[in-house]
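Quick note: the sequence shown uses this note's numbering, first residue 70, plus one each step.
Positions of the beta carbon are idealized from the N, C-alpha and C atoms, including for glycine.
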Amino acid sequence: MIRNSRLILVLDVLSRDRALDLASSLRDKIDYVKVGYPLILAAGLDVVGELSRIAPVIADLKIADIPNTNTLISEQVLEAGASGIIAHAFVGKDSLSACVDAAREHGGLVFAMTEMSHPGAEELMAPVAERLARMATECGVVGDLAIISPGVGAQGGSARAAIEAGADSLIVGRSITESPNPAASADAILREIR
């Protein structure tokens with residue numbers, strides 16, 4: 070799964086051109102780009118395919134519906150070019166398994182969302198995070214449960230602390246994409262975790 074840098078670039082931008090420029094200029098520093106609803110809704114699903122020609126794409130759609138709908142969503146984004154999808158684990162085994170089955174058919178990965186980095190998630194998700202992670206493993210999500218950690222940079226977290234706490238890769242967006250020099254900002258994070 071993780072190639073070498075341990076850095077996943079979040080493209081929470083609304084411009085197709087900006088997303089493509091950022092991915093192109095940072096392709097040698099990142100393992101994946103992560104796109105979500107803001108970019109896909111603004112630029113269209115085709116942006117996933119365009120980005121996938123630059124770097125592998127994780128579609129962060131936080132898929133959370135009934136099994137049939139999860140299958141349809143997963144298939145659409147994987148067929149568009151995504152290498153992986155993010156799905157909520159709280160929806161249960163049947164719904165998460167639908168995502169896993171679709172990903173297997175398309176040679177993709179599923180990352181199960183068991184926790185989130187905002188304070189409100191502590192109310193409901195944190196108390197059951199380990200249970201959700203065990204269930205996700207039973208469903209066949211990404212191998213040995215790689216930990217991809219958000220909250221670094223603009224959200225205040227330390228890249229080094231996240232890696233030392235067990236993160237396999239870091240999900241970083243605004244501290245790179247909103248920087249006057251995105252490449253230098255990415256390099257600073259990479260130095261911090263090496």
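Integer Cβ distance of residue i from residue j, believed to fall under 8 Å
i	j	result
Ile154	Ala181	No, Ile154 and Ala181 are not in contact; Cβ-Cβ is about 10 Å, not under 8 Å.
Ala167	Asn139	4 Å
Leu80	Leu108	6 Å
Val179	Gly150	Not quite, the Cβ-Cβ distance comes to about 16 Å (not below 8 Å), so this is no contact.
Glu199	His175	Going by Cβ atoms, the distance from Glu199 to His175 rounds to 29 Å, so no, they are not a contact pair.
Val116	Ala88	6 Å
Ile217	Ile240	6 Å
Ile99	Leu114	In fact, because the Cβ distance is near 21 Å, the residues do not count as touching under 8 Å.
Val169	Gly209	5 Å
Ser152	Gly177	6 Å
Residue i - DSSP class collapsed to helix/strand/coil
i	result
Ala195	helix
Met204	helix
Gly172	In the sequence under discussion, the amino acid at residue 172 is Ala, which differs from the Gly named in the question. Three-state result, Ala172: helix.
Leu215	It is Ala, not Leu, that sits at residue 215 in the sequence shown. Of the three classes helix, strand and coil, the one that applies to Ala215 here is coil, per DSSP.
Ser248	coil
Ala255	helix
Leu181	Checking the displayed sequence, the identity of residue 181 turns out to be Ala instead of Leu. Reduced to three states, the DSSP call for Ala181 is strand.
Ile71	Because Ile71 carries a pLDDT of 40, less than 50, the predicted location of this residue cannot be relied on, and no value is offered for it.
Arg260	helix
Buried or exposed by the 16-neighbour rule on C-beta atoms within 10 Å, applied to residue i
i	result
Arg263	exposed
Ser143	buried
Leu95	buried
Asp86	exposed
Arg203	exposed
Ile135	exposed
His157	buried
Lys131	exposed
Ala253	exposed
Asp97	exposed
Pro219	buried
Any C-beta of chain D under 8 Å from that of residue i
i	result
Glu191	Annotation note: the requested chain D is absent from the structure, which comprises a single protein chain.
Pick out the complete alpha helix (DSSP H) segments inside the region 78-165, 4 residues or longer, and give them in chain order.
-> 85-95, 106-112, 115-121, 136-148
Taking contact to mean at least 3 C-beta pairs separated by less than 8 Å, is the region 226-238 in contact with the region 192-209?
-> no
Is there contact here, the region 230-239 with the region 115-123, by at least three beta-carbon pairs under 8 Å?
-> no
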